[in-house]
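Protein chains in written order, with the numbering used here: chain A, 57 to 194; chain B, 145 to 265; chain C, 933 to 1043. Here a beta-carbon is modelled for each residue, glycine too, at the ideal position from N, C-alpha and C. Just so it is clear, the structure is predicted and the values come from calculations on it, not from any experiment.
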């Protein structure tokens, strides 16, 4: 799904629908959708292609987004609010303000970012579920 | 304030009807940057005023639980964006006013946005 | 109303030292999209935005705007401030969101 803005956000939208259908609370669905959406946009803006995998278990929602993009040379720097490597034309589409990774972090309980420059990046987002949510293990 | 009343104040036209225009709107945000909207804490019954007309706005509105979007300066989204909004049940309106005047009028009527960090007045 | 008076009344923090704060604010344009500002902003208007990158200074200078207000407690990049000082473009910071900042200014300029 890299490089293509027409369907940008479709994957996250689908995830939101699926999670809602599983009976997960609105607040958790929203956090998962936002984190995934920002990760999806990062792939679209920076990478040639990427994949989103997710799983829902009794205690958590796990979303893994991996791409074959340029990689992130300095992850800590990339996590800084306002830091962006997005090209100018992307800013004119409403993205590229450097809030992606910070927004992902804000909405997840655990976040792991692994990246190799020249090969790609994998982001693992974990959102803990409160007790009592209905779910189906995957 | 109802969406219908807001449309009157902004001299706005409805592009997509997503239900009863007597829907209450409780907060307004104004931004052309999508990540900013995702950062903005969801309040139910919210409205977005923007000059960005691509389909990203509708996608972001859906993910951020924003109910209605008003486009300014008579900027009209394309057919695909309108269809997406219809599919997702998000109101779309357009006004000839600028973002400044639109915000000014609604602020004057007592509407406010509200971000998690700032807290409400 | 002059830039410095506006800044005082809206409790904005002036982040630059050079720049004509005695200049008259003729109106306001709110947008986060540079192409939009290039097309629609008018000379003398103050520009309200969330953008913090250096290109905003070039655009404001080209359009001869009276200043830039960055909202939501965002901090402009160092390069942005450097360019602003070089151009003499006042940059002011607002702790409020764009909607409130623009709304207050609207009220201020109309009365």
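The residue from C:983, C:1021 and C:1040 with its alpha-carbon nearest to that of residue 946 of chain C is C:1021. Across the structure, residue 978 of chain C and residue 960 of chain C are spaced so that their CA atoms are roughly 5 Å apart. The three-state secondary structure of residue 156 of chain B, taken from DSSP, is strand. Contact check for residue 239 of chain B and residue 246 of chain B: beta-carbon distance about 6 Å, within the 8 Å limit, so the pair qualifies.
The stretch 1007 to 1019 of chain C and the stretch 152 to 164 of chain B do not touch, with fewer than 3 CB-CB distances between them shorter than 8 Å. In summary, residue 171 of chain A is buried, with 16 or more beta-carbon neighbours lying within 10 Å of its beta-carbon over all protein chains present. Inter-residue distance for residue 980 of chain C and residue 78 of chain A is about 42 Å (C-alpha atoms, whole angstroms). Residue C:969 holds the alpha-carbon nearest to the alpha-carbon of residue 995 of chain C among C:1006, C:969 and C:1001. In chain A, no part has a C-beta under 9 Å from the C-beta of residue 1028 of chain C; the shortest such distance is about 18 Å.
DSSP places residue 979 of chain C within a strand segment (E or B) once states are collapsed to three.
With respect to residue 948 of chain C, residue 982 of chain C sits apart: the two C-beta atoms are not nearer than 8 Å. In the structure shown, residue 233 of chain B falls within a coil segment according to DSSP collapsed to helix, strand and coil. When CB distances to chain A are screened at a threshold of 8 Å, the residues of the stretch 971 to 989 of chain C falling below it are 982, 983, 984, 985 and 987, in chain order. Within chain B, the residues placing a beta-carbon under 8 Å from that of residue 1032 of chain C are 251, 256 and 257, ordered along the chain.
Residue 179 of chain B reaches chain A at 94, 97, 150, 151, 152, 153, 154, 155, 156, 158 and 159, counting residues in chain order whose Cβ is nearer than 9 Å. DSSP, read as helix, strand or coil, puts residue 223 of chain B in helix. Around the beta carbon of residue 1008 of chain C, 16 or more other beta carbons sit within 10 angstroms, so the residue counts as buried. In the structure shown, the three-state DSSP call for residue 1007 of chain C is coil. Close to residue 968 of chain C, with beta-carbon spacing below 8 Å, are these residues of chain B in chain order: 176 and 195. A distance below 6 Å between beta-carbons, with the five flanking residues on each side excluded, links residue 950 of chain C to the following residues of its chain, in chain order: 1017 and 1020. DSSP links residue 239 of chain B through a beta bridge to B:156. Residues of the stretch 128 to 148 of chain A with a C-beta less than 8 Å from any C-beta of chain C: 138, 140, 144, 147 and 148, listed in chain order. Under a 10 Å Cβ-count criterion, residue 163 of chain B is classified as exposed, with fewer than 16 other Cβ atoms of the shown protein chains found around its own Cβ. Rounded to the nearest angstrom, the gap between the Cα atoms of residue 236 of chain B and residue 62 of chain A is 19 Å. With fewer than 16 other Cβ atoms inside 10 Å of its own Cβ, residue 974 of chain C counts as exposed. Here the C-alpha atom of residue 103 of chain A lies approximately 6 Å from the C-alpha atom of residue 123 of chain A. For residue 968 of chain C, the uninterrupted alpha helix (DSSP H) run begins and ends at 966 to 972, by DSSP. Close partners of residue 206 of chain B in chain A (Cβ separation under 7 Å): 69. Across the set B:207, B:199 and B:210, the C-alpha of B:199 shows the shortest separation from the C-alpha of residue 221 of chain B.
Residues of the stretch 233 to 248 of chain B whose Cβ lies closer than 8 Å to any Cβ of chain C, in chain order: 242, 243, 244, 245, 247 and 248.
Taken through DSSP and simplified to helix, strand or coil, residue 936 of chain C comes out as helix.
In the same chain as residue 189 of chain B, and ignoring 5 residues on each side of it, the C-beta atoms closer than 8 Å to its own belong to 167, 168, 169, 170, 171 and 211, in chain order. Neighbours of residue 964 of chain C across chain B, judged by C-beta separation under 7 Å: 175, 176 and 177. Interface flag for residue 999 of chain C against chain B is unset, since no Cβ pair is found closer than 8 Å. Per the C-alpha coordinates, the member of B:145, B:242, B:219 and B:252 positioned closest to residue 191 of chain B is B:145.
Non-local beta-carbon contacts of residue 83 of chain A in its own chain, meaning distances under 6 Å to residues more than five positions away in sequence, are absent.
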